[in-house]
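As they're listed, the protein sequences go chains A and B. In terms of our numbering, the first sequence is residues 1 to 237. In terms of our numbering, the second sequence is residues 238 to 413.
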Amino acid sequence: MSQKKLSIRIDGELISALEGQTILEAAKANGKYIPTLCALEGLTPVGACRICIVEVSGVGRLLPACTTPIQEGMSVITNSPKLTLYRRISVELLLVERNHVCAVCVSNGHCELQSMATALGISTVRFAYNYPKLPADLSHPRFVLDHNRCILCTRCVRVCAELEGAHVWNITSRGIHARVVSDLNQKWGESASCTNCGKCVQACPTGALAEKGRAVEEMVKKDDSIRSLAHRREVQA
Amino acid sequence: MKKVKVATAWLDGCSGCHMSLLDMDAVIISLARKIDIVYGPLVDAQEFPEDVDITLVEGAVSSQEDLNRIQKIRQRTNLLIALGDCAVTGNVPAMRNSIPVNKLLQRIYVEGAQEGKTIPTLGVPPLLKHARPLREFVKVDLCLPGCPPPAKSIVGVITNLLEGKKPEANLTLKFG
């Protein structure tokens, strides 16, 4: 069965894409870059970070490219001063919400939040820092969860549920109180469902999930096994 | 040609940004023909002078003394640069912010001390509730993050300013 082809415009250029694709997928397939943070190839998109927002003509608000399906005749702008402003604000809000201290972080130099901030030209934030008191879960024998560095992108939740099939992670509470929790808000080390596979650690864009024993700058994430697993699953489906 | 008056200041930081400033090596000699360093840990002046053109400030605002100093610096400076992560984000000094000041001092100077278990009060400025970046107290004209910002970036900013260019456009950004 062949999928229906739709014609859309991205930054003025006419492209054809498959029905059911999101704006992000259509853009990627046509070599157009849209910045993303919470998206990870092979996982269900959720639109958590709002970095991939785009302008769609005729729509009065900005839409996340990762969750918005394309429609025939849609015209999308992926880059404008307005988008840069709101992307910056989104990253700045992530930076002030918790305690992102790059200088002492295991992921310094390999962090997707850090590189997104500099790529967007952020040299400072326009908001006051929140400095919340947050715990770290050290109960797992091999891995650490540090809530100070979590941006609630839910990559860990999705990779565990969708690729590992264990669904250890979830989000509890709402808004500023939202936290990643394992099982029924138990310590990670006491989780009955965790298989110790470490996919959540490799999928995490920051230093929130890391391998134990890593010093500053030593935690380099490897998500290629996640990508290849997701690819094989797609081929089977 | 009149030399540009440059000052540096060191608030709650580790002096690493000043080390990075010195790390420009021989470039400092050619810069010295165009600038006068009128105040800072690297020179002798005791009082922050009036009418400073550019001030580079390292460190977060952590104590009442830091706050008084940054306000005076702001009044007497044309262009204020937050130098490094502590001045820009709070960074390591701000890691104490989730702990109440009295508990923090108690833990370090009483519970954590081997001898002389007293919280020092003489000759040390009282801590503010939080260590916070400069921008939350005074207007900052330019932020140069990094822990520390590379010497090249510092030179780049100063050179751009001396040449009358906007340094924002050529800024190499780095956190951590």
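By construction, the Cβ of each residue, glycine as well, lies at the ideal position given by its N, Cα and C atoms. This structure is a prediction, so every number in the text was calculated from the model and none was measured.
Exposed is the label assigned to B:Pro-286, since fewer than 16 other Cβ atoms lie within 10 Å of its Cβ. The beta carbons of A:Ala-65 and A:Ala-27 sit closer together than 8 Å. A Cβ-Cβ distance of about 13 Å is found for the pair A:Leu-138 and A:Asn-148, leaving them out of contact under the 8 Å criterion.
For A:Ile-89, the uninterrupted alpha helix (DSSP H) run begins and ends at 81-97, by DSSP. Annotation for B:Asn-334: no beta strand (DSSP E) segment contains it, and DSSP assigns it neither H nor E.
When Cβ-Cβ separations below 8 Å define contact, A:Tyr-129 makes contact with chain B. For A:Val-101, the residues of chain B that pass the 7 Å Cβ criterion are Asn-328, Val-329 and Met-332, in the order they occur in the chain. Judged by pairs of C-beta atoms under 8 Å, the stretch 189-204 of chain A touches the stretch 152-161 of chain A, as three or more such pairs exist. When Cβ-Cβ separations below 8 Å define contact, A:Val-91 makes no contact with chain B.
Counting only unbroken stretches of 3 or more residues, the beta strand (DSSP E) elements lying wholly within the stretch 329-384 of chain B are 364-369 and 379-381, in sequence order.
Between A:Gly-207 and A:Cys-111 the beta-carbon gap is near 6 Å, inside 8 Å, which marks them as a contact. For the C-beta of B:Arg-369, the chain A residues within less than 9 Å are, from N- to C-terminus, Ala-128, Tyr-129 and Tyr-131. With contact defined as three or more Cβ pairs closer than 8 Å, the stretch 296-307 of chain B and the stretch 358-371 of chain B are in contact. The Cβ atoms of A:Ile-8 and A:Met-74 sit closer than 8 Å to each other. In this structure, A:Arg-61 keeps its C-beta atom at 8 Å or more from the C-beta atom of A:Glu-92. Distance from the CA atom of A:Leu-120 to the CA atom of B:Ala-350, rounded to whole angstroms, is 45 Å. At least one CB atom of chain A sits nearer than 8 Å to the CB of B:Val-325.
Look at A:Asn-170 here: in three-state DSSP terms it is strand. Inter-segment contact for the stretch 274-290 of chain B and the stretch 322-331 of chain B is absent: fewer than three beta-carbon pairs are separated by less than 8 Å.
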